[in-house]
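The structure under discussion appears below in the form of structure tokens.
Rendered as structure tokens:
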């Protein structure tokens with residue numbers, strides 16, 4: 203589902219179908235954006251114009267709402283979202299190095315998604331388990347007491363494949 | 009309404025329910041600083057500078073969004089309030105650059121003003137600069153978002169006032185900025201460069217870019233915009249006798265704090281180096297500068313000679329729909345008493361005479377029936393043959409606001425896609441020139457389905473039966489066949505229009521400039537009458553005027569058939585009144601209209617002509633012929649600001665002052681009379697138009713009794729109906745805002761409105777195989793009129809330097825022409841060279857060209873085909889073909 207692909211005519215038709223469910227109802231913008239994101243894995247920029255017209259909004263307004271919420275994306279996301287903690291506790295325990303290593307392993311920068319759509323790398327301010335610092339989260343799973351070796355284990359298959 | 013009393017700074021004051029603390033404070037003379045507040049915008053409480061303290065519970069409230077409540081105790085300047093305000097402003101300053109010394113906003117910066125009012129000296133907080141840069145290539149405005157305080161005035165102006173929605177907040181937290189879609193430069197967005205946001209921005213974040221003249225404003229003058237028929241109020245900011253900036257005026261019943269790109273950035277033509285500063289006399293085919301004395305003597309002698317040799321009937325005068333009412337009034341008096349001829353007309357003939365005649369015969373009132381502000385009460389707005397977004401932007405804004413903010417249904421009839429198409433509830437695209445048939449079809453549906461306002465039709469109109477009979481043949485099938493619009497759409501539109509309790513009609517040159525313009529106007533009036541939408545707030549007919557004083561010039565009697573105030577020259581009684589006042593006998597037979605003047609000149613019946621502020625060579629059809637005719641005249645005098653294509657043909661050219669250099673009034677399309685005030689002294693030796701005419705009359709031995717403008721206005725007040733007390737601004741406001749003006753009380757001037765049976769006549773000059781395309785002409789937003797002024801406005805010219813012809817993609821492919829390629833557009837009478845622009849706004853077989861580029865006179869393509877009733881030439885559509893320009897051999901390699 204998350205495969206980055208060109209938006210086809212069928213996709214546009216699907217977007218239109220979703221938008222038409224909420225025709226001219228401004229309140230529905232956020233649920234509509236969420237639905238589109240569920241279907242496509244992200245909010246394709248092409249859909250913004252359709253959404254704006256369908257709901258009677260300006261395209262800039264739709265973009266404004268999307269860019270406000272961290273839950274909404276205009277870029278495809280990786281199957282695994284890796285969040286490296288840069289909170290205070292993790293920082294003093296070497297979180298910065300962990301982030302550097304993850305970047306090296308995944309070959310992407312913060313905020314980026316790998317071209318094969320396997321990983322998206324983000325940082326997070328604190329995940330609340332400072333006792334396990336330094337932490338990182340892959341998907342829903344928290345990995346505590348991180349060290350270079352554990353990072354390598356986590357992403358080893360990545361390197362083998364490449 | 010229930011009064012609510014609160015204690016404000018220890019004083020009891022009362023307001024009404026729903027009023028905000030800020031509003032009440034302002035009314036009570038208490039000043040509260042604000043950054044994000046503006047009367048025209050929805051309050052949002054974004055800047056928090058206006059906060060006040062509620063003494064009862066200690067809450068700090070943003071006064072611009074807090075409604076007053078009974079027995080509130082509010083302090084606006086307590087130590088706590090001041091301290092909090094200071095902190096807020098300091099926080100803004102931490103991320104604001106310290107470039108105030110060189111910032112062009114200078115003392116106009118509201119952030120700096122408030123900071124200094126609050127006594128903020130050094131900001132002790134750590135600086136958090138906002139690092140943003142945006143690159144713009146447009147010549148109009150520049151964004152430096154490091155100075156942005158996120159007050160959202162620009163965003164609200166764009167979304168609420170101009171309804172373009174080019175920008176909104178983007179991102180969040182520290183990285184928030186107002187941005188276009190994908191944060192692209194403005195020229196790649198929907199932005200129309202109206203300048204409204206620039207005028208509202210409290211800091212230097214939005215600034216004018218390529219300023220024609222630098223420096224700090226020394227004086228400001230409130231006056232009226234000289235471009236389109238909207239008549240927006242503008243403020244001219246002046247330094248060293250130069251207009252340095254134009255912002256929306258404060259008294260603005262029409263524009264509500266907005267302007268368009270022409271108003272904001274087009275007025276620098278005033279200080280153009282091309283302005284004529286001395287009278288010119290042609291000797292041996294070259295112009296020589298002479299003194300006024302000499303020039304006027306030449307003109308007087310010239311006209312005397314023609315008059316003595318060939319009689320008054322051989323003279324003709326053209327007034328101007330761009331000059332003031334007073335200029336036109338003096339000119340027509342000059343023509344009628346000094347020259348002794350009714351051969352006087354004005355350039356408005358080219359676009360508004362169909363309205364004048366059509367509406368007059370139906371409603372007995374020749375102009376727009378309602379004020380623009382009434383449109384707020386419409387349920388449905390029908391726009392036909394008009395692109396107000398380009399031709400009358402303030403009207404466009406009002407329509408878009410109605411649709412967006414009040415859910416008004418917009419019904420659009422236009423073969424071409426315009427800026428309003430996206431806002432339309434229903435959009436019909438009839439074949440060009442078939443409006444009358446379509447409108448008749450609509451009327452028939454309304455009658456057949458019993459959707460008409462029977463009481464209104466019975467009590468207020470006559471000739472209904474004949475009208476009904478005339479519609480018999482306009483069945484859905486028949487209309488469908490002519491117009492190409494489906495029966496379903498016709499039914500839908502008729503029902504929407506007729507069922508609305510208030511429905512307004514807006515039309516423009518897409519109706520009036522066809523040869524059948526008068527018919528279509530009559531058909532529109534029939535629709536409004538059928539549904540009782542005349543004399544009703546929210547209903548009515550809005551006849552857009554192309555130029556600032558198209559309405560006024562006609563009101564003032566620069567017309568061959570009418571004395572000022574539409575009093576017929578044939579009416580002995582009316583003539584008597586003017587003869588008594590003017591102390592001269594007046595010619596009783598109607599004179600010639602503009603194009604008839606040209607015809608007669610061709611036949612050598614007209615030998616001398618006086619043209620004030622018009623440019624027939626470019627504005628009339630068949631430029632080549634017009635040029636020949638004007639060249640063949642014995643004596644031609646042109647009075648203009650510039651050496652126009654017409655002025656070049658003159659024997660004497662008299663330099664006229666611009667709108668910024670004279671006093672007077674313009675009458676806009678609604679009939680609202682707005683003041684024109686002098687901001688700078690006339691350039692060089694130029695003089696206001698009326699003064700030139702008065703001097704000339706002196707020289708000709710028939711002095712006019714006008715020693716000051718006051719003399720002119722008091723004579724107009726005395727003699728012209730509906731201009732009584734027009735210089736008294738209080739009375740004017742009453743007229744404008746009260747309900748007594750116009751036809752609101754359902755009283756028509758003639759008592760009864762009259763249905764006029766209209767027959768659809770196919771347009772002359774249908775497509776032929778040699779000329780397979782139908783060319784439409786119209787206004788573009790970035791230019792105006794014949795381009796005489798807008799092409800001398802540096803920024804407009806820079807942004808839109810070149811004429812173009814729009815063509816749809818499939819036609820372009822068929823002709824193998826590409827975007828940007830130069831081609832020839834050829835009609836039966838002329839040809840022009842222009843650039844191809846592929847556009848999805850057109851259908852197959854249609855072309856569109858703007859007419860405002862002096863180098864590419866589109867009117868050269870038009871033959872002189874006159875509307876039989878009004879003698880208005882057809883200038884909207886003609887048949888043409890496109891020819892590729894062969895590439896010279898040498899360049900092919």
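Protein chains in written order, with my numbering: chain S, 203 to 364; chain E, 9 to 901. Note that beta-carbon positions come from the ideal geometry of N, C-alpha and C, so glycine has one too. Every value quoted in this text rests on a predicted model; they were computed, and no experiment measured them.
### Task
Using a cut-off of 7 Å between C-beta atoms, extract the partners of residue 188 of chain E located in chain A.
No chain A is present in this structure, whose protein chains are S and E.
### Query
In the segment 424-455 of chain E, which residues sit with their C-beta less than 9 Å from some C-beta in chain S, listed in chain order?
Residues 430.
### Query
Does the Cβ of residue 141 of chain E have 16 or more other Cβ atoms within 10 Å, making it buried, or fewer, making it exposed?
The residue is exposed, with fewer than 16 neighbouring Cβ atoms inside 10 Å.
### Task
Take every Cβ of the segment 682-696 of chain E, pair it with every Cβ of the segment 661-671 of chain E, and state whether three or more of those distances are shorter than 8 Å.
Judged by Cβ distances under 8 Å, the segment 682-696 of chain E makes contact with the segment 661-671 of chain E, as three or more pairs qualify.
#### Entry: For residue 324 of chain S, the three-state DSSP class (helix, strand or coil)
Strand at residue 324 of chain S.
### Task
Give a yes or no on whether 8 Å exceeds the smallest Cβ distance from residue 53 of chain E to chain S.
Chain S, which has no Cβ nearer than 8 Å to the Cβ of residue 53 of chain E, makes this no.
### Query
Hey, residue 122 of chain E and residue 98 of chain E: beta-carbon distance below 8 Å or not?
Not in contact: residue 122 of chain E and residue 98 of chain E (Cβ atoms no closer than 8 Å).
### Task
Scan the segment 260-291 of chain S for residues whose Cβ lies nearer than 9 Å to a Cβ of chain E and list them as they occur along the chain.
If the cut-off is 9 Å between Cβ atoms, the segment 260-291 of chain S has 260, 261, 262, 263, 264, 265, 266, 267, 269, 270, 271 and 272 near chain E.
### Task
Kindly indicate the opening and closing residues of the beta strand (DSSP E) around residue 887 of chain E.
Counting along the chain, the beta strand (DSSP E) containing residue 887 of chain E begins and ends at 885-892.
### Task
Give the straight-line distance between the Cα atoms of residue 179 of chain E and residue 686 of chain E, rounded to the nearest whole angstrom.
Going by the C-alpha atoms only, they are around 46 Å apart.
### Task
Report the residues of the segment 160-179 of chain E with a CB closer than 7 Å to any CB of chain S, ordered along the chain.
Within the segment 160-179 of chain E, the qualifying residues are 167, 173, 174, 175, 176, 177, 178 and 179.
### Task
Scan the segment 263-315 of chain S and note each continuous beta strand (DSSP E) run of 3 residues or more that stays entirely inside, going in chain order.
Within the segment 263-315 of chain S, the runs of beta strand (DSSP E) that reach at least 3 residues and sit entirely inside it are, in chain order, 282-287.
### Task
Output the distance between the C-alpha atoms of residue 347 of chain E and residue 567 of chain E, rounded to the nearest integer angstrom.
Rounded to the nearest angstrom, the two C-alpha atoms are 15 Å apart.
### Message
I'd like to know whether the C-beta atoms of residue 176 of chain E and residue 260 of chain S end up nearer to each other than 8 Å.
### Response
Yes.
### Message
Would residue 288 of chain S and residue 296 of chain S qualify as a contact pair, given that the criterion is a beta-carbon distance under 8 Å?
### Response
No. Outside cutoff.
### Task
Quick one: using the 10 Å Cβ neighbour count with 16 as the cut-off for buried, is residue 251 of chain S buried or exposed?
Counting C-beta atoms within 10 angstroms of its own C-beta, residue 251 of chain S has fewer than 16 neighbours from the protein chains shown and is therefore classed as exposed.
### Task
Using DSSP bridges, identify the partner residues of residue 575 of chain E.
Bridge partners of residue 575 of chain E: E:571.
### Spatial neighbours of residue 311 of chain S in its chain, beta-carbon cut-off 8 Å, leaving aside the 5 residues before and after
Counting only residues of its own chain and dropping the five nearest sequence neighbours on each side, residue 311 of chain S has a CB closer than 8 Å to the CB of 305 and 323.
### Task
Check the DSSP bridge columns for residue 327 of chain E and list the partner residues they point to.
Residue 327 of chain E pairs with E:354.
### Query
Can you check whether the CB of residue 520 of chain E is closer than 8 Å to the CB of residue 245 of chain E?
Their beta carbons are not under 8 Å apart, which means residue 245 of chain E does not touch residue 520 of chain E by this criterion.
### Task
Enumerate, from N- to C-terminal direction, the unbroken alpha helix (DSSP H) stretches of 4 or more residues contained entirely within the segment 199-231 of chain E.
Here the runs fully enclosed are 204-208.
### Query
Whose C-beta lies closer than 7 Å to the C-beta of residue 38 of chain E among residues of the same chain, with five residues either side of it excluded?
Contacts found: 16, 17 and 84.
### Among E:424, E:321, E:353 and E:468, nearest to residue 903 of chain E - alpha-carbon criterion
Limits of chain E in this structure are 9 at one end and 901 at the other, which puts residue 903 of chain E out of reach.
### Message
So, under 8 Å CB-CB, residue 342 of chain E and residue 712 of chain E are touching, yes? Tell me the CB distance rounded to an integer number of Å.
### Response
Right, their Cβ atoms sit about 7 Å apart.
### Query
Looking at the unbroken beta strand (DSSP E) that takes in residue 768 of chain E, where does it start and where does it end?
No beta strand (DSSP E) holds residue 768 of chain E; DSSP gives it neither H nor E.
#### Entry: Local Cβ density within 10 Å of residue 394 of chain E, reported as buried at 16 or more and exposed below that
Buried, by the Cβ-count rule.
### Task
Classify residue 244 of chain S as buried or exposed, calling it buried when 16 or more other Cβ atoms lie within 10 Å of its own Cβ.
Taking a 10 Å sphere around the C-beta of residue 244 of chain S, we find 16 or more other C-beta atoms and assign the residue as buried.
### Query
Exposed or buried, what is residue 869 of chain E when buried is set at 16 or more other beta-carbons lying within 10 Å of its beta-carbon?
Buried is the call here.
### residue 695 of chain E in three-state terms, based on DSSP
DSSP places residue 695 of chain E in strand when its eight states are reduced to three.
### Query
Any Cβ of chain E within less than 8 Å of the Cβ of residue 353 of chain S?
No - not a single Cβ of chain E is within 8 Å of the one on residue 353 of chain S.
### Task
Could you name the residues of the same chain whose beta carbon sits closer than 6 Å to that of residue 298 of chain E, not counting the 5 residues immediately before and after it, in chain order?
If the five residues before and after residue 298 of chain E are omitted, its C-beta is found closer than 6 Å to the C-beta atoms of 287 and 289, all from its own chain and listed in chain order.
### Task
Pick out whichever of E:404, E:788 and E:543 has its Cα sitting closest to the Cα of residue 372 of chain E.
Nearest option by C-alpha distance: E:543.
### Query
Do the CB positions of residue 625 of chain E and residue 634 of chain E come within less than 8 Å of each other?
Cβ distance < 8 Å, so residue 625 of chain E and residue 634 of chain E count as in contact.
### Message
Within a Cβ cutoff of 8 Å, which residues of the same chain sit near residue 799 of chain E, ignoring the five residues on either side of it in sequence?
### Response
For residue 799 of chain E, the CB contacts under 8 Å within the same chain, skipping 5 residues up- and downstream, are 791, 805, 860, 861 and 862 in chain order.
### Query
Based on the DSSP output, what are the partners of residue 100 of chain E in its beta bridges?
Looking at the DSSP assignment, residue 100 of chain E forms no beta bridge with any residue, so it has no partner.
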